[in-house]
Every structure is written in structure tokens, then in C-alpha cells.
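Here the structure is laid out as C-alpha cells; the discussion comes afterwards.
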Amino acid sequence: MSRKATIRTAHEDPELVARALRPDNTDEMATTVDEESGDVVTRIERETTGGLHSNVDDYVVNLEVATAVVDAAERTARATDGRGTASEPEHNHTDTNTNE
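Under the working numbering, the first residue of the sequence shown carries the number 349, and numbering increases by one thereafter.
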């Protein structure tokens, strides 16, 4: 008999979070975005309780990292013009008269 876990989390950009998580999924895991709720849903199935526990622990760590990266990217996008460069004039100059 296999053991199963389903983890549902809500995010501002669930598709981006799901894409960030999928590369770390094992063959026993599937990450999707629920069309109705918009939640990121990950299903894990393992043969042993210990294996399930290990996969859930790893997933939670990966989720924390993915969420932090997505949040940082969104903050950067809001603070820049979307091209990765600051749009404020004070950040868009080169002073060739100093060595700073």
C-alpha cells in the first residue's frame, strides 16, 4: 500500500511558483495549478512512510526557496522597468569624472 500526501498553497503568481518547483520533483511527485482555486497543488506518492516524510520535507524546503525567489523577482520587476535596469534617472548615469 502506498502513502500519499497532497500539499496546496496559494500564491500571487501560482504558475511561476509551480514552474520553479517542477525541476526538483521526483518521479513520485506532480505539481500543478488548480484551475478553480488557483492553488499550487503537489501530490506525492511513496511506498513507505519514511520515504513520504523525506519527500514532503524536501518539498517544503524547495517551496520556501521558490517562493523567496519569486518574491525577490517580483520586487525587482516593480523597482525596475522590467528589463532588469532601474528606470530612475539617478541609477542610469555613468560619471566618468570620478574613480568611484
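For each residue, glycine too, the CB sits at the ideal point set by N, CA and C.
Here DSSP, grouped into helix, strand and coil, assigns A358 to coil. Within the same chain, Cβ atoms closer than 8 Å to the Cβ of R351 are found at E393, R394, E395, T396, T397, G399, L400, the five residues on either side in sequence being excluded. Under a 10 Å Cβ-count criterion, T380 is classified as exposed, with fewer than 16 other Cβ atoms of the shown protein chains found around its own Cβ. Counted as a single uninterrupted DSSP element, the alpha helix (DSSP H) harbouring E422 occupies residues 397 to 427.
Excluding its 5 nearest sequence neighbours in each direction, E363 has C-beta neighbours in its own chain below 8 Å: V381, listed in chain order. Per the DSSP secondary-structure output, V381 pairs in a beta bridge with V388. Shortest Cα-Cα distance from R356 to any of D375, D387, M377 involves D387.
For the pair A353 and V404, the CB atoms are nearer than the 8 Å cut-off. The Cβ neighbour count for V408, taken over all protein chains shown within 10 Å, is under 16; the residue is labelled exposed. DSSP lists R394 as the beta-bridge partner residues of R351.
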